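Undergrad: Numbered per my numbering, the sequence shown spans residues 69 to 186.
All residues carry an ideal CB built from backbone N, CA and C; glycine is no exception.
Source: prediction; values computed, not measured.
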Amino acid sequence: MPDPGTEQSCLFCRIVAGEIPATIVASDDSCIAFRDITPQAPLHVLVVPRLHLPDVAALAARAPGVLADVVALASKVAASEADGQFRLIFNTGARSGQSVFHVHAHVIGGAELGWSPA
Ligand code: 5GP
Ligand code: ZN
């Protein structure tokens with residue numbers, strides 16, 4: 069029986085549960101951070117709340133403290149894996165590029181970043 073707040077069909081719930089392998093670089097009671105399988109920068113880590121919610125808007129509405137936890141873990145990962153500077157991206161909705169509907173922050177860094185998001 070899955071925990072409340074997890075979904076058996078959700079890829080990131082299954083990574084959180086340890087059912088699908090990932091390269092985990094940090095974790096706490098609230099979130100895990102693991103390397104993106106298709107990195108777009110020298111540092112490209114996903115910070116994923118353990119709680120299943122579809123996107124950052126739902127997270128902000130339902131569990132704003134967990135959103136703060138996401139930012140704190142992203143900052144910690146950027147400090148340990150790069151120079152502490154980072155870009156945080158929450159794709160929200162399919163047209164924005166969201167493909168996994170379990171809220172996650174892309175932590176991007178480790179290089180001088182360009183700016184052409186569209
Ligand atoms: P989105 O497109 O939803 O903003 O981001 C989903 C991200 O998850 C993509 O950057 C994609 O490369 C990554 N991803 C998809 N499947 C896996 C997987 O099985 N393992 C890992 N580590 N990353 C994945
Ligand atoms: Zn999920």
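Figure out for me which residue from His120, Pro107, Ala94 and Thr106 has the closest Cα to the Cα of Arg82.
TA: The candidate whose alpha carbon is nearest that of Arg82 is His120.
Undergrad: Ordered along the chain, which non-local residues of its own chain (more than five positions away) have a Cβ less than 6 Å from that of Ala90?
TA: Answer for Ala90: Ile83 and Phe102, listed in chain order.
Undergrad: Return yes when the C-beta of Arg118 is under 7 Å from any heavy atom of the ligand 5GP, and no when it is not.
TA: No; taking the cut-off as 7 Å, the Cβ of Arg118 has no heavy atom of the ligand 5GP nearer than that.
Undergrad: How many Å lie between Phe154 and Ser77 at the Cα?
TA: Roughly 31 Å separates the two Cα atoms.
Undergrad: In or out: Asp96 buried (at least 16 other Cβ within 10 Å) or exposed?
TA: Result: exposed.
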